[in-house]
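Residue numbers (my numbering), protein chains in the order written: chain G, 1 to 350; chain P, 351 to 911.
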Amino acid sequence: MRRCVLFFMLCLLLGVAPLVARDNETLTLVTHDSFSMSEDLLAVFQSETGITVQILRSGDAGAMVNQSILSKGNPLGDVMFGVDNTFLGRALAADLFVPYESPLLKDVSDEFKSDAENRVTPVDFGDVCLNYDAGYFAAESAAIPESLVNLTQPAYKGQLVVENPATSSPGLAFLLATVQQFGTEGDYTYLDYWRDLVANDVYISDNWSDAYYNQFSGSAGSQGARPLVVSYASSPPAEVYFMETPPEQAPTASIVADGMCFRQIEYVGILAGSSHLDAAKQWIDFMLSVPFQEDMPLQMFVFPVNPAATLPAVFEQFAQMPAEPVQMDAATIDANREAWLQAWAETVLR
Amino acid sequence: MGRNGFALKQVFIWRHGLLLVPLIFLALFFFFPLLTILLFSLFPQGQADFSGFLELMTSAYYRDTFVFTLIQAMLSTLLTLALAVPSAYVFTRFQFPGKTLWMAVATLPFVLPTVVVAAGFNALLGPRGLLNMLLIGTFHLETPPIQMDRTLTLILIVHAFYNFSVALRLITGYWANQSPRIEEAARALGVSDWTLWWRVRLPLLRPALIAAALLVFIFTFTSFGVVLILGGPRFATVEVEIYRQANDLFNLPMAAALSLVQIVFMFVLMLFYTRLQRRMVVSMTAQGAVARVPRSPGQRLLVGVTVGGIAFLLGSPLVALVLRSVSLQDGVGLFYYQQLGTNARGSVLFVPPAQAIGNSLLFALLTTLLSVSLGTVTAYLLSGRVSRLAALLDPLFMLPLATSAVTLGFGYIIAFDEPPLNLRTSPLLIPLAHTLVAMPFVVRSVLPALRAIPPNLAEAARSLGASGWRVWWRVEVPLISRGIIVGATFAFTVSMGEFGASLFIARPDTPTIPLVIFRLLGQPGALNYGQAMAMSSILLLVCALAFVGIERLRKAGIGEF
């Protein structure tokens, strides 16, 4: 009996595998765990094109790129969405993608395009900015910091939460913003700045969830005690959107002063080795089309790259846009990421 | 007398094939992907790349990381055992109301994601936590008196919080099979309480104590989330470093070197353990310990302190998050629970809670079935007379616990990419990965019980004319049933709470409860946080029901032994 059960289990395990294999009309989208879109919109795409979309998720953008590199040539899926400019260099260096120039790309501003060969197509962007606890700053009549340098002043001692750039994507974005502003050479480098932040009692959380919910005081859901956190420009509208009763005032706001926000851009690309090139191209066109672009803000809390897309009201009202976000090209990031992180860790942690 | 008299072996004397099944399973789903990724990392394009090892040997940072990992694991193990042994005594010897419930409460922390546990501890011990507010209010203090954030102390406390039940269940399960006669004899001879503990109880418990210590040690040695989130970025274990190297830096040679060092260290440790364990087998007559109602004031105090301790240390962070799940902006209610069931944004990401619960339960059930059958067979395999071989095999079955999920996840992607084993995007990988982690629990809880069976028992039954099957079912199974139940409970628990594997495997959408919590905590806003707390509370409830159910099943099905 027991043996039968065991044999049955093993047969089950080995036997089901071929059944899971995909059939021909299916397009497999490899993406990260935050990917979302409207069910209705997906249904429209599937019925108009006759393509069935299967969504495969990995943990975060980093895990997804790593998995794709390991499975290069025999990819897990046909298209990959969600690689951002901080990981793009690694993906391009590994030659993961087949070039494709979508006809809709001509409308997209050049500032979002990172690859001359169009191996990847920009889909959305988001700015990593400081968020502050609006209630706290109003109650204390305290000034809101207006520059990165402000954050090292005694007035903001013990008030800031950042994410560890080695383990968190917004954490890395904030580190890159400090690299851009203070540089790596000279009298006062980004490392000197970080030394000052540490001296000013900055709190370094492992990930965004811990920083935002356990340490930051501003979110309606959070329990923390610090009024400043590294988050996204889209977090304040999300706060309003995810309240039981929509308030007049958002509980948090972003600081969008020049040089204080870092722009993350997310891309989609066709994975080399895919046998559904046509379907993949249709999917990319679809992602750039107005319906998908207008669907993204409230699904993934990112901004559209297609200028024809209009933003939802809650974004218009509560999202601040930085005029001069920090932008850094993927190749520069990829060439230096490890060294910058290493130096950061040695300065800040040891 | 030889230990080859076990009934199951007699039954399968001509089909040792069964005993090989766990080995095949381990080889196929653990060693094959592990070796594939190690070879891939250390020999990229056929060229050996041992740069990782070189750096490991020369860098003071990695030496410190290793030393810290070792020390915190030893301290955590000591603390956990120091708390668990007296509690196990209370659970074995005394009858008190809500015993099953308290055991379930003690086990619940095991299933919670670290971020949620961090939230619970924040609510209890944080600067604005319950305890600090109470102390500030009572003694009119200026600053919070408890400042434990980001200290080794907090890491140790949370490790004990997670692992307390591992030790408690293993020791209680073993202790409950011990006859009270030896103790009664010792008491009749007039020994002191102290002598009773040191010379009688603890020596008799050694197999269970060491098994518990080993599991807790491995768990805390490879600790990841607790150190990252509650310890802060200044603390790093080897496991954290593997994750950083593999996931963030994609430095595969370094990640492979670290993984190998960790695995080899664990292997050597477990070889040592296996030798130790085999020298301290305690055969016993099968007679259950008797649990009494506490009578003397001292006994009542002991039971009270134990239950109070569990309620406070383990229960209060859990209560804090349940409270959080019903605290709305204005008042108290089940709004977040209702919201869990509505797809307000019409999103493809939406998971009805029933579906998440269903997926979690399905994976947990598969994991429990697989790991209990494979684990029990493994225990038979290891209990055999071929001691050299068994001594070598035993540590092999523990190795999955010492292997980081990210390493194994990478291994799955490159090892299982061709038919007939194109499993890399199969949802089946999740229960398979869980089984690898759960099996050692079953082995560790069944093996001491199996070894404690006097070999002449089965022979006696057979000489009375019982068939091999009958002997196994009527004599051996009852004696190891507690061990099996303990193992099954943990297999279930491991699967319900684990989501590391799910993150490192690209999978079609079969979201489990922890994954839904993780997703909710990934977006800002009160609704997301409230729903995450609601989903965590549901996870606690489902697990508590399951624990109580398993306990009922044992009592109803096999009776009290």
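Glycine included, every Cβ here is placed at the ideal spot set by N, Cα and C.
Cβ proximity to chain G below 7 Å picks out L678, Q679, F685, R695, G696, S697, V698, L699 from the region 669-702 of chain P. In the three-state reduction of the DSSP assignment, V161 (chain G) falls in the strand class.
Using a Cβ-Cβ cut-off of 8 Å, P583 (chain P) counts as an interface residue toward chain G, since at least one Cβ of chain G sits closer than that to its own. DSSP lists G:Y132 as the bridge partner or partners of A253 (chain G). With a cutoff of 8 Å on beta-carbon distance, P553 (chain P) and Y524 (chain P) are scored as not near each other. Legend: CB atoms of the region 150-183 of chain G lying less than 8 Å from CB atoms of chain P belong to residues N164, A166, T167.
Boundaries of the alpha helix (DSSP H) harbouring I863 (chain P): 863-870, taken from the DSSP string. For S231 (chain G), the enclosing beta strand (DSSP E) stretches over residues 228-232.
Residue-level contact by beta carbon fails for I521 (chain P) and chain G, as no gap is shorter than 8 Å. The three-state secondary structure of L271 (chain G), taken from DSSP, is strand.
Taking 7 Å as the Cβ-Cβ cut-off, the region 47-62 of chain G approaches chain P at Q54, I55, L56, R57, S58, G59, G62, given in chain order. Contact check for V796 (chain P) against L751 (chain P) fails: the beta carbons are separated by 8 Å or more.
In this chain, F81 (chain G) is not harboured by any alpha helix (DSSP H); it is covered by the beta strand (DSSP E) spanning 79-84.
The region 135-142 of chain G and the region 103-121 of chain G do not touch, with fewer than 3 CB-CB distances between them shorter than 8 Å.
Residue contact with chain G for T718 (chain P): absent (no Cβ-Cβ distance below 8 Å to any residue of chain G). When CB distances to chain G are screened at a threshold of 8 Å, the residues of the region 461-473 of chain P falling below it are V465, A468, A469, N472, A473, in chain order. The beta-carbon distance between F444 (chain P) and L518 (chain P), rounded to whole angstroms, is 14 Å. This is too long to meet the 8 Å contact definition. With respect to F87 (chain G), G62 (chain G) sits close: the two C-beta atoms are nearer than 8 Å. Contact between the region 691-705 of chain P and the region 29-36 of chain G is present: 3 or more CB-CB pairs across the two stretches fall below 8 Å. Against chain P, the CB of M37 (chain G) has a partner CB under 8 Å away; the residue lies at that interface.
Residue environment for V290 (chain G): exposed (fewer than 16 other C-beta atoms within 10 angstroms of its C-beta). With respect to chain P, the C-beta atom of N336 (chain G) has no partner C-beta closer than 8 Å. Within the region 174-217 of chain G, the complete alpha helix (DSSP H) runs of at least 4 residues fall at 190-199. For G654 (chain P), the three-state secondary structure derived from DSSP is helix.
In chain order, G725, T728, A729, F747 place their CB closer than 6 Å to the CB of V793 (chain P), counting only its own chain and leaving out the 5 sequence neighbours on each side.
Runs of alpha helix (DSSP H) with 4 or more residues, each lying fully within the region 733-800 of chain P, are found at 737-748, 755-765, listed in chain order. Chain-ordered, the chain G residues with CB closer than 9 Å to the CB of L877 (chain P) read A220, G221, Y241, F242, M243, E244. Shown here for A596 (chain P): same chain residues with a beta carbon closer than 6 Å to its own, the five before and five after excluded, namely A605, V756 in chain order. Inside the region 804-832 of chain P, DSSP marks whole alpha helix (DSSP H) runs of 4 or more residues at positions 805-813, 818-821, from first to last along the chain.
The beta carbon of R625 (chain P) sits closer than 7 Å to the beta carbons of A741 from its chain, once the five residues preceding and following it are set aside; these are given in chain order. At the C-beta level, F600 (chain P) and R90 (chain G) come within 8 Å of one another. Annotation: I505 (chain P) has no Cβ neighbours in chain G at a cutoff of 9 Å; minimum Cβ distance is about 13 Å.
Per DSSP, reduced to three states, the secondary structure at P246 (chain G) is coil, with no helix or strand assignment. G880 (chain P) reaches chain G at G221, counting residues in chain order whose Cβ is nearer than 7 Å. Contact between Q881 (chain P) and L870 (chain P) is confirmed by a C-beta separation of about 5 Å, below the 8 Å threshold. In this structure, V256 (chain G) and Q320 (chain G) form a Cβ contact; the two beta carbons are roughly 5 Å apart against a cut-off of 8 Å.
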